[in-house]
Each structure stands twice: as C-alpha cells, then as structure tokens.
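Engineer:
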C-alpha cells in the first residue's frame, strides 16, 4: 500500500513580471471563496478596480523578495516536500501544489494518481481553517477527482 501526501499552499505568480502577477491576482481574487460577492459584482470589482490598480505595485513587491531560485514560497515548499518525502520513506509519495497557479492541484493529484497511491492525504499548509484558504483547497480537490473512476481513499 502506498499513501500520497499532497501539501498545498496558497500560490505564487510564475515570475515577478507584471503580466504574471496580474494573472495570479485575477485567478486568486476571482475565486468566490476569496471575494464573497455575486459573480458580476466580483468581476467588476476585481477586474475593474483591484487588479488594475494593484498589479504593478504587487509585481514590484514580488520582485523585491524573488530569489535566483524563484518565489520564496515555492522554493521553501519544495524543500518541505523533499524533506517530508525523505522522512516518510518508501511507502509514501509527496507532492506540492498551489491553490492558485503552478504547481496546480490537478497536476499534483494526477502525479499521485500516476504513482498508483491507495490513499491521498490532503494537507493544506494554513494555520487554521478558513473558507478562502482550506475550503477553497478542498473544493478544488473535489472538482479534480469527481470524475475519476477510482478515487483513492
């Protein structure tokens, strides 16, 4: 028996380039669990006000913390994934995913599925439950696996 562990964090843009930060902010802020407004109002607010006004400043902030290896959140997430995989041993497969952007939850779950795991433990890396974080992660996981013929326990 093999157990898959899916570590999930919030997400990070692909790069600190303004177009990548804009894409990340749109994906994040258009999630109805993050901005709890009716779809039309959420779209108007996010696309018409928040993102156009914030993405360039946010890109500058990301650029100030970006390392040669990439986003600190992704770099440290990979280190955590690798350390956990080593500590858990051969009966476990560990993958890292981000709720928004890459590595995505669907891709990470597919990697676990390809490794033929019998169980999947989803481990959101948030300090407490909130609909906008852990709730959104669980919703995305369920959307991803709902059509699988065999769903690991």
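Residue numbers (this note's numbering): 169 to 321. Virtual Cβ for every residue (Gly too), placed ideally from N, Cα, C. All of these numbers come straight from a predicted model, not from anything done at the bench.
Which runs of the alpha helix (DSSP H) spanning at least 4 residues fall entirely within the segment 220-301, listed in chain order?
Structural biologist: Every unbroken stretch of the alpha helix (DSSP H) spanning 4 or more residues and falling wholly within the segment 220-301 is given here in chain order: 240-256 and 273-282.
Engineer: For residue 173, which of helix, strand or coil comes out of DSSP?
Structural biologist: Mapped onto the chain shown, residue 173 falls at position 5. Strand at residue 173.
Engineer: Taking buried to mean at least 16 other C-beta atoms within 10 Å of its own C-beta, is residue 303 buried or exposed?
Structural biologist: On the chain shown, residue 303 is found 135 positions in, with the first residue counted as 1. That one is exposed.
Engineer: Can you give the Cα-Cα distance for residue 233 and residue 248, rounded to whole angstroms?
Structural biologist: Here the question's residue 233 lines up with position 65 in the chain shown. Here the question's residue 248 lines up with position 80 in the chain shown. Approximately 19 Å between the Cα atoms of the pair.
Engineer: Taking DSSP as the reference, what is the three-state secondary structure of residue 213?
Structural biologist: Working through the chain shown from its first residue, we reach residue 213 at position 45. If DSSP states are grouped into helix, strand and coil, residue 213 belongs with the helices.
Engineer: Helix or strand or just coil, what does DSSP make of residue 178?
Structural biologist: Reading the chain shown from its first residue, position 10 is the one you call residue 178. Correct three-state label for residue 178: strand.
Engineer: Using a Cβ distance threshold of 8 Å, determine whether the segment 237-256 contacts the segment 206-215, with at least three qualifying pairs required.
Structural biologist: The segment 237-256 and the segment 206-215 do not touch, with fewer than 3 CB-CB distances between them shorter than 8 Å.
Engineer: Is the segment 281-299 touching the segment 187-195 in the sense that three or more CB pairs, one from each, lie closer than 8 Å?
Structural biologist: no
Engineer: If you draw a straight line from the alpha carbon of residue 181 to that of residue 251, how long is it in whole angstroms?
Structural biologist: Working through the chain shown from its first residue, we reach residue 181 at position 13. Working through the chain shown from its first residue, we reach residue 251 at position 83. Answer to the nearest angstrom: the Cα atoms are 24 Å apart.
Engineer: Sorted by chain position, which residues of the same chain lie with C-beta nearer than 6 Å to residue 201's C-beta, five sequence neighbours on each side aside?
Structural biologist: Position 33 of the chain shown, counted from the start, is the residue given in the question as residue 201. In chain order, 299, 300, 303 and 304 place their CB closer than 6 Å to the CB of residue 201, counting only its own chain and leaving out the 5 sequence neighbours on each side.
Engineer: Using the C-alpha atoms, what's the distance from residue 215 back to residue 204?
Structural biologist: Here the question's residue 204 lines up with position 36 in the chain shown. Here the question's residue 215 lines up with position 47 in the chain shown. Looking at the two C-alpha atoms, the distance is approximately 15 Å.
Engineer: Excluding sequence positions up to five away, which residues of its chain have a Cβ less than 6 Å from the Cβ of residue 220?
Structural biologist: The residue given as residue 220 occupies position 52 in the chain shown. Result list for residue 220: empty, nothing under 6 Å.
Engineer: How is the alpha helix (DSSP H) around residue 194 delimited, first residue to last?
Structural biologist: To locate residue 194, count along the chain shown from 1; it is residue 26. 186-197 is the extent of the alpha helix (DSSP H) around residue 194.
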